[in-house]
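Q: For the sequence shown, UniProt numbering puts the final residue at 263, and the numbers step up evenly by one. Yeah, the Cβ is synthetic: ideal placement off N, Cα and C, and Gly gets one too. The structure follows.
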Amino acid sequence: MSAASPFTSPSAQAWEGFWRAAPTGAGEVFWDADPALAVQLHLPLFEGHFDPGLPVVDLGCGNGTQTRHLAGRYARVVGIDLAGAAIGRARAEDVHGTADFRCLDATDRDAMRALHAELGDAHLYLRGVLHQCAPGDRARIVANIAVLLGTRGRVFAVEPAASAKDVLRSLAQSPAGPPAKLRAVLSHGISPGDMADTAVPGLLAAQGLRVVASGRLPLATTEYRPDGSRIEIPTNWLVAAAAGGSAGPVRRPGPGAGRLPSR
């Protein structure tokens with residue numbers, strides 16, 4: 001991915017630098033929340049739409065925290081990330097070899113076609129990836145997601161809502177400065193993208209994908225405010241499928257789906 005402005009896609013070098021410098025250990029990265037506060041909350045939103053017989057690709061997997069949890073639910077899970085340092089860490093932390101981790105650029109059409117040729121139709125788990133990308137890269141990634149889905153796969157995407165920008169800006173501009181884990185991200189030139197709430201549905205529609213479920217929920221970070229409350233980012237989530245394929249079982253999430261457990 002290519003860098004453009006401070007509120008667009010960071011370069012591959014920025015991500016490499018970030019993951020090389022990031023401390024190891026659970027919860028040491030701003031967005032690296034325990035699966036109980038992340039993918040485990042997402043599962044009730046998408047598992048009714050995912051054919052359990054298909055593989056799952058965690059696109060932008062980072063150090064693989066959420067990927068490993070997915071691997072406990074699906075027969076084959078592949079985590080892909082642009083940063084080789086992230087993939088190296090993901091492999092090292094996957095002590096039981098539950099998932100397959102690969103360094104791949106999601107904007108690379110040939111690489112994504114080769115992955116589809118290997119896996120067949122697959123589901124995609126996408127957590128906070130597109131907002132970090134330049135607009136042109138967003139379109140390319142979604143086009144490649146459509147390739148990976150084929151006719152049977154589904155994509156679950158969760159991205160910061162437009163209002164998240166105000167939350168993050170207030171943190172960055174606080175008198176004490178940003179929280180340490182957010183400061184570590186910003187110091188590598190990685191900043192949240194400015195993306196309208198309609199952007200992701202529009203990108204999907206442009207690739208012939210239709211939204212079959214959607215909603216809002218908070219994204220838990222690993223940082224806390226001075227009063228001890230966990231910092232949460234507002235997000236939009238959706239499940240989408242190929243317009244020409246079967247919608248599969250579509251169900252409404254239960255009343256507690258996506259709700260963060262109490263501290």
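By how many angstroms is the C-alpha of Val129 removed from the C-alpha of Gly150?
A: 21 Å
Q: Within 10 Å of its beta-carbon, does Arg169 have 16 or more other beta-carbons around it, so buried, or fewer, so exposed?
A: exposed
Q: Of all the beta strand (DSSP E) runs that stay within the bounds of the UniProt domain "Methyltransferase" (56 to 151), which reach a length of 3 or more residues?
A: 56 to 59, 77 to 81, 100 to 103 and 123 to 127
Q: Of the choices Pro178, Ser174 and Ser191, whose alpha-carbon is the least far from that of Ala134?
A: Ser191
Q: Assess contact between the region 138 to 147 and the region 39 to 53, defined as three or more Cβ pairs (one per stretch) separated by less than 8 Å. Is contact present?
A: no
Q: Could you check the C-alpha separation between Ala205 and Asn236 for me, to the nearest Å?
A: 16 Å
Q: Provide the residue span of the alpha helix (DSSP H) that contains Phe18, from first to last.
A: Ala12 to Ala21
Q: Less than 8 Å between the C-beta atoms of Arg113 and Trp19, yes or no?
A: no
Q: Out of curiosity, what's the CA-to-CA distance linking Glu47 and Gly244?
A: 20 Å
Q: Count the other C-beta atoms from every protein chain shown that fall within 10 angstroms of the C-beta of Gly72, then say buried if there are 16 or more, exposed otherwise.
A: Under the 10 Å beta carbon count, Gly72 is surrounded by fewer than 16 other beta carbons and is classified as exposed.
Q: With a threshold of 8 Å on Cβ separation, who are the neighbours of Gln66 within its own chain once the five nearest residues in sequence on each side are excluded?
A: So the list reads Pro35, Ala38, Val39, Asp58, Tyr125 and Arg127, once near-sequence residues are dropped.
Q: So does the region 21 to 33 actually touch the region 206 to 224, counting three or more Cβ pairs closer than 8 Å?
A: yes
Q: Mind checking which residues open and close the beta strand (DSSP E) that includes Phe50?
A: Where Phe50 is concerned, there is no enclosing beta strand (DSSP E), given that its DSSP letter is neither H nor E.
Q: Please specify which runs of the beta strand (DSSP E), each continuous and at least 3 residues long, are wholly inside the region 203 to 236, giving them in chain order.
A: 209 to 224
Q: Could you tell me the alpha carbon to alpha carbon distance between Gly120 and Ile80, rounded to whole angstroms?
A: 16 Å
Q: Write down the C-beta distance between Ala99 and Arg68 rounded to the nearest angstrom, noting that I regard them as a contact closer than 8 Å.
A: 6 Å
Q: Any C-beta of chain C sitting closer than 8 Å to the C-beta of Pro178?
A: The structure shown has no chain C; it contains just one protein chain.
Q: So the candidates are Arg109, Pro218, Leu104 and His123; which of them puts its Cα closest to the Cα of Leu54?
A: His123
Q: Just verifying my parser: in three-state terms, what is the DSSP assignment at Ala36?
A: Helix at Ala36.
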